[in-house]
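Colleague: Numbering (the UniProt record's numbering), first residue to last: 1 to 112.
Note that beta-carbon positions come from the ideal geometry of N, C-alpha and C, so glycine has one too.
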Amino acid sequence: MVASSTAQAEYMALSFAVKECIWVSNLFQPLLGKLIPIMLLENKTAVGISTASISRKQTQHLIRDFDLINEYITCGKIKLSWISTNNQLADILTKAIDYLKIGHFRNIVNWM
1 MVASSTAQAE
11 YMALSFAVKE
21 CIWVSNLFQP
31 LLGKLIPIML
41 LENKTAVGIS
51 TASISRKQTQ
61 HLIRDFDLIN
71 EYITCGKIKL
81 SWISTNNQLA
91 DILTKAIDYL
101 KIGHFRNIVN
111 WM
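Following this line, the structure appears as structure tokens:
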């Protein structure tokens with residue numbers, strides 16, 4: 001599937017990440033108890049689609065394939081939260097960033 005917007009691309013990536021997180025959560029549940037992954041998105045539209053606060057009619061083509069996210073949120077298997085792009089740690093692996101931002105991210109995760 002090819003995304004036609006940034007929100008759609010973020011939502012598609014979230015869908016795949018949620019499936020992986022649920023799998024890992026289920027894998028470790030016997031050892032650690034119930035785990036609720038927190039998914040952090042920097043795209044507010046994708047958060048809105050996921051939590052069903054955006055009209056289904058506007059996103060029907062997208063919802064049809066990726067409605068699983070809302071089901072997991074509703075039943076409490078995952079939590080979803082918006083995060084500022086300035087604090088999105090995943091950017092260190094996906095974007096060219098300068099040394100100041102690397103230092104900022106290092107401070108967030110308490111590395112040396």
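1. From the beta carbon of S81, is the nearest beta carbon of chain C less than 9 Å away?
2. Out of curiosity, what's the CA-to-CA distance linking K95 and L89?
3. Here's a check: name, in chain order, each residue in its chain whose Cβ is nearer than 7 Å to the Cβ of I38, leaving out the five neighbours to either side.
4. So E42 and S5 are supposed to be a Cβ contact under 8 Å. How far apart are they, rounded?
5. Looking only at its chain, what residues have a beta carbon closer than 7 Å to the beta carbon of L14, apart from the 5 residues adjacent to it on each side?
6. Beta-carbon within less than 6 Å of I92's beta-carbon, same chain only, minus the 5 sequence neighbours each way: which residues are those?
7. Thinking just about the alpha-carbon of each residue, which of G33, N26 and K44 is nearest to the one in E10?
Modeller: Put simply:
1. The structure shown contains no chain C; it is built from a single protein chain.
2. Taking the first residue of the sequence shown as 1, we reach residue 95 at position 95. Taking the first residue of the sequence shown as 1, we reach residue 89 at position 89. Between K95 and L89, the C-alpha separation is close to 10 Å.
3. Your numbering for residue 38 matches position 38 in the sequence shown. Same-chain partners within the cutoff: K79 and S81.
4. Residue mapping note: residue 42 aligns to position 42 of the sequence shown, counting from 1. Residue mapping note: residue 5 aligns to position 5 of the sequence shown, counting from 1. Incorrect: roughly 14 Å between the Cβ atoms, too far for contact.
5. Within the sequence shown, numbered from 1, the residue matching residue 14 stands at position 14. If we look at L14 and ignore the five residues flanking it on each side, its Cβ neighbours are M39, L41, A46, S50 and I69.
6. In the sequence shown, the residue the question calls residue 92 occupies position 92. Correct list, in chain order: F105.
7. Locating residue 10 in the sequence shown gives position 10, counting from the first residue. That would be K44, whose Cα lies nearest to the Cα of E10.
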